[in-house]
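So the sequence lines, in the order shown, correspond to chains A and B. Just so it is clear: in the first sequence, position 21 is 21 by this note's numbering, and no numbers are missing. Just so it is clear: in the second sequence, position 267 is 597 by this note's numbering, and no numbers are missing. First up is the structure itself, then whatever we jot down about it.
There are 2 protein chains.
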Amino acid sequence: MKKFQVIGIGNAMVDVLARVDDAFLVENGVEKGIMTLIDTARAAELYSHMGPAREVSGGSAANTIAGLAALGARTAYIGKVKDDQLGAIFAHDMRAQGAGYDTPLAPKTHAAETGRCMVMVSPDSERSMNTYLGVSEFLAPDDIDAAQMAEAEWLYLEGYRFDGPDSQAAFAKAIDACKGAGGKVSVTLSDPFCVNRHREAFRTLIHDHIDLLFCNEHELKALYETDDLDAAIVRARKDVPMLACTVGAKGAHATSGGQDYHDPATNAAVVDVTGAGDLFAAGFLYGVVSGRDPLTCLRMGNHAAGEVISHIGARPEADLKALFGAHGLL
Amino acid sequence: MKKFQVIGIGNAMVDVLARVDDAFLVENGVEKGIMTLIDTARAAELYSHMGPAREVSGGSAANTIAGLAALGARTAYIGKVKDDQLGAIFAHDMRAQGAGYDTPLAPKTHAAETGRCMVMVSPDSERSMNTYLGVSEFLAPDDIDAAQMAEAEWLYLEGYRFDGPDSQAAFAKAIDACKGAGGKVSVTLSDPFCVNRHREAFRTLIHDHIDLLFCNEHELKALYETDDLDAAIVRARKDVPMLACTVGAKGAHATSGGQDYHDPATNAAVVDVTGAGDLFAAGFLYGVVSGRDPLTCLRMGNHAAGEVISHIGARPEADLKALFGAHGLL
């Protein structure tokens, strides 16, 4: 038995969550529903216009690993924060969840701070994210311990981190070590704009190394440059042994072993969609590492996503294990 | 018309909120339901044992002023944070609420950090608070602008800050300036243990200067060293022109002009009682500065408290004005 069932690698950051109306998004030039990278000056300007907020640890792959740890999976997480107050909060929340977090801190003297994501939640529960990456950008091969990667059954790579060449090299190092020891690798496409920025790198990675591809319909269409989801799924089926693709309120599709699967979304009341994709991945991966069939994996993904969209913030608040038990999934 | 309807002075801090079970409180030696002051070492130890948390700006009088500002009152707030990340969060949240916050920051070189309060919420919705005061302890007369105090219809003083001699001197300076210009002064007793620590100072202050006393039943009994709430209220009636005393799930009492008033609590579902007293004071004071009768003040207090106990965190999340309007209070 390997020490870790899943090791995640991604942008470590703290979410700053506030409710806004759509007029605020327009006035402040924030594009609704997507993630936009911003610099320090823009972050300060936008924050000064935002209403009172709350801070909750976030980061896409970190949310997924937190969900897996909450379900009892053996996990670790690699992502860079600084030795500052927000970095301490991020590290605390990962460790307190039992998620396994030991990435070396960027020193106090580093010019950048711990990354943060301003999450603006609209009345329709949609979220618009403006991200100041801070030191999370500086994740590099030195932060990857090859021996640890060899101890992983699965890697879970966050597509957002493709934005940094050093981080792409870190991914390559992790993949080599993990696969060299018989492990498998999954990736999430993270965001359609991120896919557009790095389409060829994603396609090469996926074709050459990926055992399980996570995405939503917009990201998959962007990857294969088509408006036809079915056609994109057919393409993906040739590229990867397993695919898990969310389709918003309609739930999620999976393909595995040449078979197609679908499970509708839960009917949870939606408060804030932040983290829906991250927790879907947590639930689905929990099913995979527990040896469950693809339809059960989908159901686990949809129930974990249903929990996280029922409240503000992208980390689970309810007992996910109890929730899965109540739905006959354990 | 004075520039400010209410200026609050108190411990500026960020709350670190986590759910715990009662066994956690026992194992970690945390006294349930009260506020305990802790040092940096104890704060670090306790935090390392706490589960994943979220951060929301807090501070008792700051919560009250935030509530008043949310209701549209003209407010200012005085309380000390440091030039660090949590200080920036506190200042942002006060300013974003329109609460009026300009207290000079403690410099980056200060040995202490911005204060924080670890709020442990039990399954029964009770909260236990462990507070590391940080730089909020250093509130001193220099932080009080006498000209600003003269522009206040009401001061609202946080009893917790009686723990610092410099802050008591700051209170005296503020009271002199406010009363010298015809303003009135209210104080909240904050906590029965705080009352026990400073009983004589509180009694002298209340007898000599206070126009409106806020407290809960336990604090009032501690002030007058009696187990009989009715007897304590009779004593208070002689000491202050107006009293507002909360009695938990039974709502609140007021005395004014020799008359007694009572209003039952709202039947809000209780999630977290953190901030109940603070928001009761916000609602009650909003009634006072709007020239409403004592029973309406009580109702406003109970509805504001009812909102804040319906969710995690001590700052209002719903639109308090709309809430008051829906209950025919505006």
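We put the beta carbon where it would ideally sit given N, CA and C, even for glycine.
With a 10 Å radius around its C-beta and 16 neighbouring C-beta atoms as the bar for buried, classify histidine 641 (chain B) as buried or exposed. One-based indexing of the second sequence puts residue 641 (chain B) at position 311. Per the 10 Å Cβ criterion, buried.
Would you say valine 336 (chain B) and threonine 405 (chain B) are within 8 Å of each other, going by their C-beta atoms? Position 6 of the second sequence holds residue 336 (chain B). Position 75 of the second sequence holds residue 405 (chain B). Going by C-beta atoms, valine 336 (chain B) is nearer than 8 Å to threonine 405 (chain B).
When the cut-off is 8 Å and only beta carbons count, does arginine 54 (chain A) lie next to chain D? In the displayed structure, chain D is absent; the protein chains listed are A and B.
Could you have a look at alanine 480 (chain B) and say whether DSSP puts it in helix, strand or coil? Counted from its first residue, the second sequence places residue 480 (chain B) at position 150. The answer is coil: DSSP assigns alanine 480 (chain B) none of H, G, I, E or B.
Counting only C-beta atoms, is isoleucine 78 (chain A) closer than 8 Å to chain B at any point? For the purposes of this step, residue 78 (chain A) is taken as residue 78 along the first sequence, with counting starting at 1. Cβ-Cβ to chain B under 8 Å: no for isoleucine 78 (chain A).
Would you check if the segment 48-67 of chain A and the segment 274-291 of chain A touch, i.e. whether three or more CB-CB distances between them fall below 8 Å? yes
On the DSSP bridge list, what partners appear for isoleucine 337 (chain B)? For the purposes of this step, residue 337 (chain B) is taken as the residue at position 7 of the second sequence. DSSP output for isoleucine 337 (chain B) lists B:Ala406, B:Leu485 as bridge partner(s).
Does the CB of histidine 92 (chain A) have a neighbour CB from chain B at under 8 Å? For the purposes of this step, residue 92 (chain A) is taken as residue 92 along the first sequence, with counting starting at 1. Answer yes: the Cβ-Cβ gap between histidine 92 (chain A) and chain B drops below 8 Å somewhere.
Listing by chain order, which chain B residues have their CB less than 7 Å from the CB of arginine 315 (chain A)? Indexing the first sequence from 1 puts residue 315 (chain A) at position 315. Those within 7 Å of arginine 315 (chain A) in chain B are Pro382.
Examine chain B for any beta-carbon lying closer than 8 Å to the beta-carbon of isoleucine 89 (chain A), and answer yes or no. Within the first sequence, residue 89 (chain A) is the residue found at index 89, counting from 1. At least one chain B Cβ lies under 8 Å of isoleucine 89 (chain A).
Beta carbon of glycine 464 (chain B) nearer than 8 Å to that of serine 390 (chain B): Here the question's residue 464 (chain B) lines up with position 134 in the second sequence. Here the question's residue 390 (chain B) lines up with position 60 in the second sequence. The answer is no: Cβ separation not under 8 Å.
Compare the Cα-Cα distances from arginine 54 (chain A) to each of B:Ile474, B:Gly428, B:Ile419, B:Asp593 and report the closest residue. As a first step, residue 54 (chain A) must be located in the first sequence, where it is residue number 54. Taking only the C-alpha atoms, the option nearest arginine 54 (chain A) is B:Ile419.
Note the first and the last residue of the continuous alpha helix (DSSP H) segment covering arginine 645 (chain B). Residue mapping note: residue 645 (chain B) aligns to position 315 of the second sequence, counting from 1. Unbroken run through arginine 645 (chain B): none, as it is neither H nor E.
Per DSSP, cross-strand counterpart(s) of phenylalanine 544 (chain B): By 1-based counting over the second sequence, the position of residue 544 (chain B) is 214. According to DSSP, which records beta bridges pairwise, phenylalanine 544 (chain B) is partnered with B:Thr518, B:Ala574.
Alpha carbon to alpha carbon, how far is lysine 238 (chain A) from glycine 417 (chain B)? Give it in angstroms, no decimals. Here residue 417 (chain B) is taken as the residue at index 87 of the second sequence, counted from 1. Here residue 238 (chain A) is taken as the residue at index 238 of the first sequence, counted from 1. Using only the alpha carbons, I get a separation of about 52 Å.
From B:His379, B:Arg446, B:Cys545, B:Ser455, pick the residue whose C-alpha is nearest to that of glutamate 563 (chain B); which is it? In the second sequence, counting from the first residue as 1, residue 563 (chain B) sits at position 233. Note that residue 563 (chain B) is isoleucine in the sequence shown, not glutamate. Comparing Cα positions, the closest option is B:Cys545.
Would you be able to state if there are at least three C-beta pairs under 8 Å between the segment 239-246 of chain A and the segment 24-36 of chain A? no
Backbone CA spacing between leucine 376 (chain B) and arginine 199 (chain A) [nearest angstrom]: Translated into the one-based positions of the second sequence, residue 376 (chain B) becomes position 46. Translated into the one-based positions of the first sequence, residue 199 (chain A) becomes position 199. When rounded, the distance between both Cα atoms is 46 Å.
Between the CA atoms of leucine 220 (chain A) and glycine 605 (chain B) - distance to the nearest angstrom: Position 275 of the second sequence holds residue 605 (chain B). Position 220 of the first sequence holds residue 220 (chain A). Rounded to the nearest angstrom, the two C-alpha atoms are 46 Å apart.
In chain order, which alpha helix (DSSP H) runs of at least 4 residues are fully inside the segment 389-471 of chain B? 390-400, 415-426
Within chain B, the residues that glutamine 84 (chain A) reaches when beta carbons sit closer than 9 Å: Residue mapping note: residue 84 (chain A) aligns to position 84 of the first sequence, counting from 1. For the sequence presented, residue 84 (chain A) should be read as aspartate rather than glutamine. Ordered by position in chain B, the residues that pass the 9 Å Cβ test against aspartate 84 (chain A) are Asp414, Gln415.
Methionine 13 (chain A) in three-state terms, based on DSSP: Start at 1 with the first residue of the first sequence, and residue 13 (chain A) comes out as number 13. Note: methionine 13 (chain A) maps to strand in three-state DSSP.
Using a Cβ-Cβ cutoff of 7 Å, what residues of the segment 158-189 of chain A are near chain B? List them in chain order. none
Are the beta-carbon atoms of isoleucine 38 (chain A) and tyrosine 160 (chain A) separated by less than 8 Å? Here residue 38 (chain A) refers to the residue found at position 38 when the first sequence is read from its first residue. Here residue 160 (chain A) refers to the residue found at position 160 when the first sequence is read from its first residue. It is not a contact, given that the beta carbons lie outside the stated cut-off.
Exposed unless 16 or more other CB atoms sit within 10 angstroms - verdict on lysine 580 (chain B): The count along the second sequence starts at 1 and reaches residue 580 (chain B) at position 250. By the neighbour-count rule (16 or more Cβ atoms within 10 Å), lysine 580 (chain B) is not buried but exposed.
Check whether the Cβ atoms of aspartate 351 (chain B) and serine 455 (chain B) lie closer than 8 Å to each other. Mapped onto the second sequence, residue 351 (chain B) falls at position 21. Mapped onto the second sequence, residue 455 (chain B) falls at position 125. The answer is no: Cβ separation not under 8 Å.
Along the chain, where does the beta strand (DSSP E) containing serine 586 (chain B) start, and where does it finish? By 1-based counting over the second sequence, the position of residue 586 (chain B) is 256. Where serine 586 (chain B) is concerned, the enclosing beta strand (DSSP E) stretches over 582-586.
Beta-carbon separation of leucine 559 (chain B) and aspartate 593 (chain B) under 8 Å? Position 229 of the second sequence, counting from 1, holds the residue named residue 559 (chain B). Position 263 of the second sequence, counting from 1, holds the residue named residue 593 (chain B). Not closer than 8 Å, so no.
When you compare each of A:Met50, A:Val185, A:Ala23 to lysine 207 (chain A) by their alpha carbons, which one comes out closest? For the purposes of this step, residue 207 (chain A) is identified with residue 207 of the first sequence, where counting begins at 1. Reading the sequence as shown, one finds histidine at residue 207 (chain A) and not lysine. Considering only alpha carbons, the answer is A:Val185.
On the CB-based measure, 16 or more other CB atoms within 10 Å of its CB, does threonine 40 (chain A) come out buried or exposed? Numbered from its first residue, the first sequence carries residue 40 (chain A) at position 40. When all chains shown are included, threonine 40 (chain A) counts as exposed.
Given this structure, state the Cα-to-Cα distance separating threonine 596 (chain B) from leucine 660 (chain B), to the nearest angstrom. By 1-based counting over the second sequence, the position of residue 596 (chain B) is 266. By 1-based counting over the second sequence, the position of residue 660 (chain B) is 330. Each residue's Cα considered, the two are about 17 Å apart.
Exposure of lysine 438 (chain B), with buried meaning 16 or more beta-carbon neighbours within 10 Å: Start at 1 with the first residue of the second sequence, and residue 438 (chain B) comes out as number 108. The residue in question, lysine 438 (chain B), is exposed, as its Cβ has fewer than 16 Cβ neighbours within 10 Å.
DSSP beta-bridge partners of alanine 373 (chain B): Numbered from its first residue, the second sequence carries residue 373 (chain B) at position 43. Bridge partners of alanine 373 (chain B): none, in fact.
Cβ shell of serine 497 (chain B) (< 6 Å), same chain only, five flanking positions each side left out: Reading the second sequence from its first residue, position 167 is the one you call residue 497 (chain B). Cβ within range, chain order: Leu469, Arg491.
Taking Cβ-Cβ distances shorter than 7 Å, what residues in chain A pair up with alanine 584 (chain B)? Taking the second sequence and counting its residues from 1, one reaches residue 584 (chain B) at position 254. Result: empty, since nearest Cβ-Cβ is about 29 Å, beyond 7 Å.
Out of B:Met331, B:Glu357, B:Asp475, which one is the CA nearest neighbour of glycine 338 (chain B)? In the second sequence, the residue the question calls residue 338 (chain B) occupies position 8. For the residues B:Met331, B:Glu357, B:Asp475, the minimum Cα distance to glycine 338 (chain B) belongs to B:Asp475.
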